Amino acid sequence: MRLLVQRSIARVVAEQQIPMAAIAVAVLAAGRGTRMRNALPKVLHPLAGAPLLAHVLRSVSRLAPARTVLVVAADGQAVSETARRILPGIAVVVQDPPLGTGDAVRRALPELPEAGTLLVVYGDTPLLRPETLQALVLSRERSGAAVAVLGIEPEDRSGYGRLRVDAEGGLLAIVEEREADATLLASAPCNAGVMALDLACARELLEQLPRHRDKGEYYLTDMVALACRLGRSCIWIRGATEEGLGVNSQAELAALEARFQARARASALDRGVVMPAPETVFFAFDTELEAGVRVEPYVVFGPGVRAEAGAVIRSFSHLEGAYLEAGAEVGPFARLRPGTRVGAGARIGNFVETKNARLGRGAKANHLTYLGDAEVGARANIGAGTITCNFDGFGKYETRIGEDAFIGSHTALVAPVTVGAGAIVGAGSTITVDVPAEAVAVARARERILEHRAPELRERFRRRKREGSRADGS
Ligand code: UD1
Ligand code: MG
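Written as structure tokens, this is what we have:
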């Protein structure tokens, strides 16, 4: 599962890049994240199936930065490993102890070029769009400002630094909430936590940041007031509120998940996905459904799902790492695990679990079945209750079922095993030996019929029950 997420993330991170002059990027992820109240580092908490950090790296990668530096805490090994799997070329610096966002960027300086634009993003702000980052970088470069800041105006402003702006829209300072006056608190735009900096100037200013007494930290946000004092201009641009939403607590993470889902549902509907109850369908960061796919209420997509036009996913199904060809039908109540491929017009019915299983065109597994490490040929029919016994406690083994084969209900296929094309397996069989093509295999005890014996058997049971109740005094 983890591998699947990593592979899916690496694929989406390699998406098409926006052409622009080379920039450097610093991603800050060394904060303690204490407000999450969880041992898992904040930026590794998942949003739509991928770590927060992956969303951020995905967005910044679209700008094709010449250099990307990640700042992690002393215990940030898991964070840096995740980042390296997503973006192998990323440089990692350790900030120990974490003394604030300003200090974090200072730590990144040795890994950054001397001049140009530095884009600073926080690892806990996952909904940033690459187009917005690009606009921020370009407006800094065009205006020659020392600092360009992304501002947002959310309904709930709590937790954000406030932008002190002048009448012309210039930016004078960023004031952290604790230090802001009533006017700023009530009406000033908020700092989304994204900055484009003139790197040569930032090198100078970072040395002059004051240390705030209450938290003992250096705030990156103080760069703005410092730059203004030295006669350099600073600007801000307005971004969509949701782009700047940061995660500081589990509640905020859940709220962001809701936003992400709303966005994913709307975009699926726009693209022509048929979804009568979109509010009950949950997407992963990389779900790809073609126009004309039908998704019934209450479906959950884990990472790595793609479906071609005409595929139908019925209610209460859970899919991850699965590819559905045109006209494939899944569910209700199906569970598709990584490595599943459902061929054109093939069908996976209720209470069927698949893992690393490929079903050919028109194959059917309609009820109560487990198909693991299996290859099922075109038009094969898998009867109710069939199980591929793919695991012996140590290794995993393959089951191959040929085209047009018929597997009777309640069959155990003990892998490794092959059932040839067109073969028929009798219901209730335990198949341990390969079945040749067009053969019939029956592997169960022969049935015995004892004529008229039922009344006598019933009498025996009755007697036993009577004696039993006398013995225990009831
Ligand atoms: C920060 C901003 C605030 C802004 C908000 C937007 C500062 C001082 N404040 O506040 O103006 O409105 O983000 O979400 O920048 N980090 C480090 N090293 C540190 C401290 C933090 O790398 O020493 C990283 C964290 O991992 C996190 C990011 O920087 O990814 C922001 O830190 P956080 O503590 O969440 O800052 P906020 O209080 O949200
Ligand atoms: Mg934050």
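Reminder that position 434 of the sequence shown reads as 435 in our numbering, one-by-one numbering, no gaps. For each residue, glycine too, the CB sits at the ideal point set by N, CA and C. If you're wondering where the values come from, they're calculated on a predicted model, not measured in any experiment.
Which one of Ala422, Ala446, Pro417 and Val436 has the shortest CA to CA distance from Gly429?
Ala446
Report yes if the C-beta of Tyr123 is less than 7 Å from at least one heavy atom of the ligand UD1; otherwise report no.
yes
Distance between Ile10 and Ala65 (C-alpha atoms, nearest Å):
16 Å
From which residue to which residue does the beta strand (DSSP E) around Met196 run?
Cys191 to Asp199
Backbone secondary structure at Leu64 - three-state DSSP:
coil
Environment of His46 [buried if 16+ CB atoms lie within 10 Å]
buried
Decide if the segment 152 to 167 is in contact with the segment 83 to 97; the criterion is three or more beta carbon pairs, one per stretch, under 8 Å apart.
no
Contact the segment 415 to 430 vs the segment 441 to 456: 3+ CB pairs below 8 Å:
yes
Close Cβ partners of Glu399 (< 8 Å) along its chain, the five nearest in sequence each way excluded:
Asp374, Ala375, Glu376, Asn391, Ala416 and Pro417
Length of the line joining the Cα atoms of Ala183 and Ser159:
13 Å
Output the distance between the C-alpha atoms of Asn357 and Pro339, rounded to the nearest integer angstrom.
6 Å
Own chain residues within Cβ distance below 6 Å of Leu320, not counting five before or after
Phe302, Val306 and Leu337
Along the chain, where does the alpha helix (DSSP H) that runs through Phe261 open and close?
Gln251 to Asp271
Rounded separation between Gly409 and Gly361 - CA only:
18 Å
Expressed to the nearest angstrom, what Euclidean distance is found between the alpha-carbon atoms of Val248 and Thr35?
11 Å
Report the residue from Glu142, Glu178 and Leu137 whose alpha carbon sits nearest the alpha carbon of Thr238.
For clarity, residue 238 is Ile in the given sequence; the question names Thr instead. The option with the nearest alpha carbon to Ile238 is Leu137.
How close, in whole Å, do the beta carbons of Ala25 and Leu257 come, if the pair is a contact with beta carbons under 8 Å?
Not really, about 27 Å apart at Cβ, beyond 8 Å.
For Thr222, does the three-state DSSP call read helix, strand or coil?
helix
Determine the direct distance from the alpha carbon of Arg63 to that of Ala15, and round the result to whole angstroms.
8 Å
Check whether Ala27 and Ala74 have beta carbons under 8 Å apart:
no
Could you round the C-beta distance between Asp125 and Lys43 to whole angstroms and report it? I think they count as a contact, below 8 Å.
6 Å
Out of curiosity, what's the CA-to-CA distance linking Leu100 and Ala40?
20 Å
Just checking Asn39 against the ligand MG - is the residue's beta carbon closer than 7 Å to any of the ligand's heavy atoms?
no
What residue from Ala252, Thr288, Ile402 and Leu246 has the CA that sits closest to Arg266's CA?
Thr288
Go ahead and label Val195 buried or exposed: buried means 16 or more other beta carbons lie within 10 angstroms of its beta carbon, across all protein chains shown.
buried
Is Thr222 near the ligand UD1, with its Cβ less than 7 Å from a heavy atom?
yes
Would you kindly work out how many angstroms separate the C-alpha atoms of Gly344 and Ala308, rounded to a whole number?
11 Å
Kindly identify the DSSP beta-bridge partner or partners of Ala289.
Sequence inspection shows Glu at residue 289; the Ala mentioned does not correspond to that position. DSSP lists Arg307 as partners of Glu289.
Continuous beta strand (DSSP E) stretch holding Gln78: start and end
Not the beta strand (DSSP E): Gln78 falls in the alpha helix (DSSP H), residues Gln78 to Ile87.
Suppose you measure from the CA of Gly332 to the CA of Val80; what does that come to, to the nearest Å?
37 Å
Going by DSSP, what residues sit across from Asn391 in a beta bridge?
According to DSSP, which records beta bridges pairwise, Asn391 is partnered with nothing at all.
Please classify Gly103: is it buried, with 16 or more other beta-carbons within 10 angstroms of its beta-carbon, or exposed?
buried
Spatial distance of Arg85 from Ile91 (CA atoms)
6 Å
Just checking my contact of Thr69 with Leu88 at CB under 8 Å: how many whole Å lie between their CB atoms?
6 Å
Would a C-beta distance cut-off of 8 Å place Ala406 and Ala422 closer than the cut-off?
yes
Cβ of Arg342 within 8 Å of Cβ of Tyr324?
yes
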